[in-house]
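K.L.:
Residue numbers for the sequence shown follow this note's numbering, so the first one is 451 and each next one is one higher. Quick one: the structure is below, questions incoming.
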Amino acid sequence: MNETVAIDASQAETQADWKDNLREIGAREGFYEELGAQHTALFVERGKTLIVTFENLDHVYGRAADRMPWGFGFVEQQGWSMLGMMASDWTWYRDDAVHDFFDRLRDEGFFEKFDKVVFYGASMGAYAASVFSAAAPGCQVVAISPQATLNREITPWEQRYRKAWRRDYTGRYGYGPEMSASAEKVHLFYDPRNTMDSMHAALFQGDNVVKYRCRFMGHRIASLWIQLGLLKPIVTECVSGEMTTTKFYQWMRARRENSRFQKEMLQTLQEMQRPRLLIRYCEAVLARRRAPHFRNAMKAARASLKGKK
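Dropping the structure here:
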């Protein structure tokens with residue numbers, strides 16, 4: 451019991467130090483605000499391009515190296531300014547304090563100080579990027595596997611995020627497709643084979659929406675891009691306005707050599723019960739590298755074909 455209390459106290463002290471560090475950075479280079487009990491905002495001013503990011507504070511705090519919002523070092527290297535929004539739980543940013551914060555930034559003309567504003571996020575963060583983009587008309591949105599809303603009246607088929615169902619999605623900044631209508635462009639990345647993500651993506655129908663289909667990548671597209679070394683280039687191209695579907699799909703060819711992608715493709719073929727196609731795919735992978743799991747799967751598929759004769 452005493453050991454557990456000591457660990458909790460140590461973690462609380464570390465988090466307090468971490469917040470103090472963010473306050474110092476904010477005071478020195480922009481601002482830092484705690485928005486209610488579950489959300490924080492860190493603004494660091496650099497150049498005339500502003501990147502607004504959204505993520506779960508657990509992910510930020512888990513990065514022991516710097517414990518900064520995603521891409522902080524990358525954004526600094528580009529000379530961009532950054533507003534890093536962090537949530538301490540799976541809140542979907544449904545908090546009046548956060549809504550008031552973006553209302554205030556909009557009314558004070560905060561976003562108008564920048565030549566370009568980009569809202570970025572994945573999953574819950576992508577939902578937030580889509581809705582809060584309404585505070586900066588004419589901005590760009592980069593949304594990876596976004597939810598349009600978790601309002602049960604609109605998406606009763608969404609079964610993954612029960613913990614967040616009780617929150618109110620009908621008030622300010624509630625519905626992603628509607629709120630992002632004033633953006634100059636919405637870059638929406640999703641896997642069309644992921645049923646839930648595909649249904650959310652279908653709700654974004656504006657003329658400003660460009661959809662990039664990331665087949666066989668699942669929901670965690672951004673983490674696969676990190677493995678491929680493509681996340682930062684993709685974001686950079688979206689920010690510069692030079693991203694095209696042709697360029698994107700050329701980059702996606704790199705996934706063929708990624709072991710995680712190969713394993714997920716194998717699992718998909720097994721679920722589809724396509725033994726002949728599975729054998730051909732395993733042969734292609736084995737021609738590139740040693741992969742006992744694929745060799746065993748190929749043997750099992752061949753055996754199943756013989757059993758049918």
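Glycine is no exception: its CB is placed at the ideal position from the N, C-alpha and C atoms.
Whole-angstrom Cβ separation of residue 534 and residue 503, contact assumed at under 8 Å?
P.N.:
5 Å
K.L.:
Counting Cβ pairs closer than 8 Å, one from the segment 621-632 and one from the segment 661-676, do we hit at least three?
P.N.:
The segment 621-632, when compared against the segment 661-676, does not touch it at the 8 Å Cβ threshold.
K.L.:
So residue 594 packs on residue 639, CB below 8 Å; how close in whole Å?
P.N.:
5 Å
K.L.:
Nearest-angstrom Cα distance between residue 754 and residue 714?
P.N.:
21 Å
K.L.:
Let me know if residue 742 comes out buried or exposed under the rule of 16 or more other beta-carbons within 10 Å of its beta-carbon.
P.N.:
Exposed is the call here.
K.L.:
Assuming contact is defined by CB atoms lying nearer than 7 Å, are residue 586 and residue 551 in contact in what I supplied?
P.N.:
no
K.L.:
Assign residue 596 to one of two classes, buried (16 or more other C-beta atoms within 10 Å of its C-beta) or exposed (fewer than that).
P.N.:
buried
K.L.:
Taking residue 659 as the reference, which of 749, 734, 695 and 541 has the closest Cα?
P.N.:
695
K.L.:
In terms of alpha-carbon separation, which member of 750, 686, 721 and 635 lies closest to residue 528?
P.N.:
686
K.L.:
Answer with buried or exposed for residue 709, where buried requires no fewer than 16 other C-beta atoms within 10 angstroms of its C-beta.
P.N.:
exposed
K.L.:
What are the start and end residues of each continuous beta strand (DSSP E) run of 3 or more residues lying completely inside the segment 579-631, in chain order?
P.N.:
590-594
K.L.:
Please specify which runs of the alpha helix (DSSP H), each continuous and at least 4 residues long, are wholly inside the segment 517-565, giving them in chain order.
P.N.:
522-528 and 546-557
K.L.:
In this structure, how does DSSP classify residue 452 when only helix, strand and coil are distinguished?
P.N.:
At residue 452 the pLDDT is 49, less than 50, meaning the model places this residue with poor confidence; the figure from the coordinates comes in the next sentence. Here residue 452 sits in helix by DSSP.
K.L.:
Mind checking residue 731: buried by the 16 CB within 10 Å criterion, or exposed?
P.N.:
Counting Cβ neighbours within 10 Å, residue 731 comes out buried, since at least 16 surround it.
K.L.:
Taking buried to mean at least 16 other C-beta atoms within 10 Å of its own C-beta, is residue 577 buried or exposed?
P.N.:
buried
K.L.:
Using a Cβ-Cβ cutoff of less than 8 Å, which residues in the same chain neighbour residue 745 once the five nearest sequence positions on both sides are dropped?
P.N.:
Taking residue 745 as the centre and dropping the five residues before and after it, the same chain places the C-beta of 732 and 736 closer than 8 Å to its C-beta, in chain order.
K.L.:
Tell me residue 571's beta-bridge partners as DSSP assigns them.
P.N.:
504 and 593
K.L.:
How far does the alpha helix (DSSP H) with residue 480 in it reach, from first residue to last?
P.N.:
Note, residue 480: premise wrong, no alpha helix (DSSP H); beta strand (DSSP E) at 480-485.
K.L.:
Could you tell me the alpha carbon to alpha carbon distance between residue 511 and residue 724, rounded to whole angstroms?
P.N.:
For residue 511, the predicted structure reports a pLDDT of 46, less than 50, and the residue's modelled location is therefore unreliable. A value from the coordinates is still provided. Roughly 43 Å separates the two Cα atoms.
K.L.:
For residue 661, which of helix, strand or coil comes out of DSSP?
P.N.:
strand
K.L.:
By alpha-carbon positions, which one of 473, 568 and 631 ends up nearest to residue 598?
P.N.:
Cα-wise, what sits closest to residue 598 is 631.
K.L.:
Straight-line CA distance for residue 643 to residue 571?
P.N.:
21 Å
K.L.:
Could you check which residue in 693, 734 and 650 has the C-alpha nearest to that of residue 573?
P.N.:
Ranking the options by Cα distance to residue 573, first place goes to 650.
K.L.:
Helix, strand or coil, according to DSSP, for residue 472 in the structure here?
P.N.:
Three-state result, residue 472: helix.
K.L.:
Would you mind sorting residue 712 into buried or exposed? The rule is 16 or more other CB atoms within 10 Å of its CB.
P.N.:
buried
K.L.:
Going by beta-carbon coordinates alone, are residue 416 and residue 486 separated by less than 7 Å?
P.N.:
Residue 416 falls outside the range modelled here, since the chain spans only 451 to 759, and no answer is possible.
K.L.:
Would you call the CB atoms of residue 621 and residue 641 closer than 7 Å?
P.N.:
no
K.L.:
From the DSSP output, read off the bridge partner residues of residue 494.
P.N.:
480 and 532
K.L.:
In angstroms, rounded to a whole number, what distance separates the CA positions of residue 453 and residue 469?
P.N.:
Here the model assigns residue 453 a pLDDT of 47, short of 50, so the residue's position is not dependable, and the following value carries that caveat. The alpha-carbon atoms of residue 453 and residue 469 are separated by roughly 24 Å.
K.L.:
Where residue 480 and residue 494 are concerned, what is the direct C-alpha to C-alpha distance, given to the nearest angstrom?
P.N.:
5 Å
K.L.:
For residue 728, I'd like the list of residues in its chain whose CB is within less than 8 Å of its CB, leaving aside the five on either flank, ordered along the chain.
P.N.:
716, 719, 720, 747, 748 and 751.
K.L.:
Bridge partners of residue 639, per DSSP?
P.N.:
594 and 662
K.L.:
Thinking just about the alpha-carbon of each residue, which of 530, 691 and 488 is nearest to the one in residue 591?
P.N.:
691
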